[in-house]
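> Take the sequence shown: its position 290, counting from 1, is numbered 290 in the UniProt record's numbering, and each next residue is one higher. Every residue gets a Cβ at the ideal spot worked out from N, C-alpha and C, and that includes glycine. As the structure is a computational prediction, the values presented were derived from the model and not from experiment. Sending over a structure as structure tokens; questions will come in a sec.
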Amino acid sequence: MAQMEPDKGDEDRAVYDRAIPVGPNILRVTANNPGTFTSWGTNTYIVGTGTLAIIDPGPDDAGHLRLLLSLIGDRPVSHIFVTHTHRDHSALAAGLKAATGARTAAQGPQPPPKPIGGPSDKIIESGTDPTFIPDLILLDGDVVRGDGWSLEAIHTPGHAANHLSLGLVGTGALFSGDHVMGWSTTIVAPPDGSMVAYIASLDKLLDRNDILYLPGHGGLVTQPLDRVRTLLAHREMREAMVLARVRGGDRTVPDLVHAIYSSTNPALHGAAALTVFAHLERLIERGLVKATGQATMDGLFEPA
């Protein structure tokens, strides 16, 4: 396929009633689920012109399904790819599969959570989707070939344990899901999220030469490697702040959130608490912080 030349039309507003061309043989269809964690909504991508691939069908929304089916028309759909099992990305997979007969493909089902204490279950409004079981399990480096398109699975855990990015082979384009977005940093929320994995996955993308990211929310990322470096620098800065506060005497996640996110909208403090805990987990792995007892959201932390 040809190298990607992004079409940036309608990047500055939400469009819910039609598809936006964002590259050769790629349409973006945005679900009407705007929110604090979803920007203007979840981006679904239709790839191909003959037999199609769908990437991230989106939330369980009848209007979004009707629009997708009208855009698909009488063309066959061979695969429905899911970047990760959060309901705003995967919940419509069952309905779209029933309507098209396509196979679903993902890194795997939602893994069982580990207990971390604190109010961890309801923080991220999209929630996880334990009901989604893919027909096709994709390992890192697997390539699925379709009608005029090939998609390479790149395992990028961090935001979610089973997060995949998908490289459109031969184009320099990467469907980055929620791993890298232009409008916001990514929520890394244990127990499903891991800052250790997230940083490693960002480093992994620096080893690639992609020229365009098509994210799960928000507009195109047209300078992707610069964006990855910016995200890495942001995480290292936040982690240094967490470490400095622990060394200065803060011992709990709420204390750290109050100190570090004092100017942040209080509605986001729950997500911030999970992100702080994710940084603490990474600092523990690096040998710079230790927990008094088990490392949990309501635990005590001190310098190692």
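Between the alpha carbons of His84 and Ile72, how many angstroms are there, rounded?
Counting from 1 along the sequence shown, the entry for residue 84 is found at position 84. Counting from 1 along the sequence shown, the entry for residue 72 is found at position 72. In a straight line, the C-alpha of His84 is about 23 angstroms away from that of Ile72.
> What does a CB cutoff of less than 6 angstroms around Ala62 pick up in its chain, not counting 5 residues either side in sequence?
Within the sequence shown, the letter at position 62 stands for residue 62. The answer is none, since no qualifying residue turns up.
> Kindly indicate the opening and closing residues of the alpha helix (DSSP H) around Arg247.
As a working mapping, residue 247 is identified with position 247 in the sequence shown. Counting along the chain, the alpha helix (DSSP H) containing Arg247 begins and ends at Pro224 to Arg247.
> For Pro59, which option in Leu92, Glu285 and Ala240 has the closest C-alpha, if you only look at C-alpha atoms?
Translated into positions along the sequence shown, residue 59 becomes position 59. Selection Leu92, Glu285 and Ala240 evaluated against Pro59 yields Leu92 as nearest (Cα-Cα).
> Which residues in the same chain have their Cβ closer than 7 angstroms to the Cβ of Tyr261, if we skip the five residues on either side of it in sequence?
As a first step, residue 261 must be located in the sequence shown, where it is residue number 261. Cβ neighbours of Tyr261 beyond the five flanking positions: His269 and Ala272.
> On the DSSP letters alone, give me the boundaries of the alpha helix (DSSP H) that Ala98 sits inside.
Locating residue 98 in the sequence shown gives position 98, counting from the first residue. From DSSP, the alpha helix (DSSP H) with Ala98 extends over Ala93 to Thr100.
> In the DSSP assignment, what are the bridge partners of Ser39?
For the purposes of this step, residue 39 is identified with residue 39 of the sequence shown, where counting begins at 1. Residue pairing by DSSP puts Ser39 in a beta bridge opposite Gly35.
> Buried or exposed for Ser70, going by 16 or more other Cβ atoms inside 10 Å?
Sequence index remark: in the sequence shown, residue 70 carries index 70 (1-based). With fewer than 16 Cβ atoms within 10 Å of its Cβ, Ser70 is classed as exposed.
> What's the call for Pro224, buried or exposed, on a 16-neighbour Cβ count within 10 Å?
As a working note, residue 224 is residue 224 in the sequence shown. Buried: at least 16 other Cβ atoms inside 10 Å.
> According to DSSP, which residues form a beta bridge with His155?
Position 155 of the sequence shown holds residue 155. Paired residues: Leu164.
> Please determine, among Val221, Ala278 and Val289, the residue with the shortest C-alpha to C-alpha distance to Gly248.
Counting from 1 along the sequence shown, the entry for residue 248 is found at position 248. When each option's Cα is compared against that of Gly248, the closest is Val289.
> Quick check on the DSSP output: the beta strand (DSSP E) that includes Gly177 runs from which residue to which?
For the purposes of this step, residue 177 is taken as residue 177 along the sequence shown, with counting starting at 1. Counting along the chain, the beta strand (DSSP E) containing Gly177 begins and ends at Ala173 to Gly177.
> If Phe81 and Ala105 are in contact, beta carbons under 8 angstroms, what's the gap, nearest whole angstrom?
Along the sequence shown, one-based indexing puts residue 81 at 81. Along the sequence shown, one-based indexing puts residue 105 at 105. About 5 angstroms separates the two Cβ atoms, so the contact holds.
> Run the CB neighbour count on Thr30, radius 10 Å, all protein chains shown included, and call it buried at 16 or more, exposed below.
Residue 30 sits at position 30 when you count from the first residue of the sequence shown. Looking at its Cβ environment, which holds 16 or more other Cβ atoms inside 10 Å, Thr30 is buried.
> Determine, using beta-carbon pairs with one atom in the segment 134 to 152 and one in the segment 160 to 168, whether at least three such pairs fall under 8 angstroms.
yes
> Whole angstroms are fine: how far does the CA of Pro76 sit from the CA of Gly287?
On the sequence shown, position 287 is the one that residue 287 refers to. On the sequence shown, position 76 is the one that residue 76 refers to. About 53 angstroms.
> In this structure, does DSSP put Tyr261 in helix, strand or coil?
Locating residue 261 in the sequence shown gives position 261, where the first residue counts as 1. Note: Tyr261 maps to coil in three-state DSSP.
> Closest by CA to Asn32, which one among Gly177, Thr51 and Pro57?
Translated into the one-based positions of the sequence shown, residue 32 becomes position 32. Closest by alpha carbon: Pro57.
> Could you spell out the range, first to last residue, of the alpha helix (DSSP H) harbouring Ala200?
The count along the sequence shown starts at 1 and reaches residue 200 at position 200. Met195 to Leu206 is the span of the alpha helix (DSSP H), which, as asked, contains Ala200.
> I'd like to know whether the C-beta atoms of Leu256 and Val228 end up nearer to each other than 9 angstroms.
Taking the first residue of the sequence shown as position 1, residue 256 is located at position 256. Taking the first residue of the sequence shown as position 1, residue 228 is located at position 228. The answer is no: Cβ separation not under 9 angstroms.
> Evaluate contact between the segment 194 to 212 and the segment 291 to 300, counting only Cβ atoms and requiring at least three cross-stretch pairs below 8 angstroms.
no
> Tell me, which residues are paired with Tyr213 by DSSP?
What you label residue 213 is simply residue 213 of the sequence shown in a count that begins at 1. Leu174 and Val221.
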